[in-house]
Each structure stands twice: as structure tokens, then as C-alpha cells.
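Using the working numbering, you'd call the opening residue of the sequence shown number 2 and step up by one each time. Report on the following structure.
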Amino acid sequence: NPGDSKALHEFKFEFLRIVCSHEHFIPLSLPLMRRGMVKNFKDLKHDYCLSDEYRKHHYLVGLLLFELRLAMTEQRAIRRCAITVLR
């Protein structure tokens, strides 16, 4: 949450770093399997936006990206911590 202490953010991102670096975690980047042509942006919304639907299907990656998005409004040390986990 915005305004949480720096230590809480550090613990949160350390936890995400540990889980994402586990040997059984594989962030897949598979091509989209679409039938027919995509007619408009709404057809791609859930695939390319950090929506609740995306986060439901890609829980850990969605959580990491969501927390990163929230951290971008925090102080510099917290932003750095979040970006380091993403790398």
C-alpha cells in the first residue's frame, strides 16, 4: 500500500525475489493463440494490460508487476528495490 514503511517494502520485494528465483518458477513468454483476426484493442486488453484478469491467470508475475507499479510512486530507495527484483 502507498505510504507503507521502507522496511515493509523491502521485506515484500525480498520475498518476491526469493519466490521468483526459485528453480521451479519459469516465467513463460508464449505467443498468443488467437483464432481469427483481432478486430480491436478490446480483444487484446486482457493479454497486454495489467488487469485483474491477467493477474488471475498469471498470479506471480502479475503480483510482481502490480507491486512494481505501486512502488513507482514511492521514494527512490523503494523504487530501486522494486526494479532490482524485476531484473
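The beta carbon of each residue, even a glycine, is placed where N, CA and C say it ideally should be.
When the Cα atoms are used, what is the spatial distance from residue i to residue j?
i          : j          : result
residue 70 : residue 80 : 9 angstroms
residue 49 : residue 11 : 28 angstroms
residue 22 : residue 9  : 20 angstroms
residue 7  : residue 65 : 17 angstroms
residue 77 : residue 18 : 19 angstroms
residue 24 : residue 53 : 26 angstroms
residue 59 : residue 88 : 18 angstroms
residue 16 : residue 5  : 16 angstroms
Taking 8 angstroms as the limit between beta carbons, can you name the residues of its chain near residue i, skipping five residues before and five after?
i          : result
residue 63 : 51, 55, 56, 57
residue 20 : 26, 61
Using 8 angstroms for Cβ pairs, my map puts residue i next to residue j. What's the rounded Cβ distance?
i          : j          : result
residue 86 : residue 14 : 5 angstroms
Whose C-beta lies closer than 7 angstroms to the C-beta of residue i among residues of the same chain, with five residues either side of it excluded?
i          : result
residue 67 : 51, 56
residue 83 : 14, 68, 69, 72
residue 28 : 62
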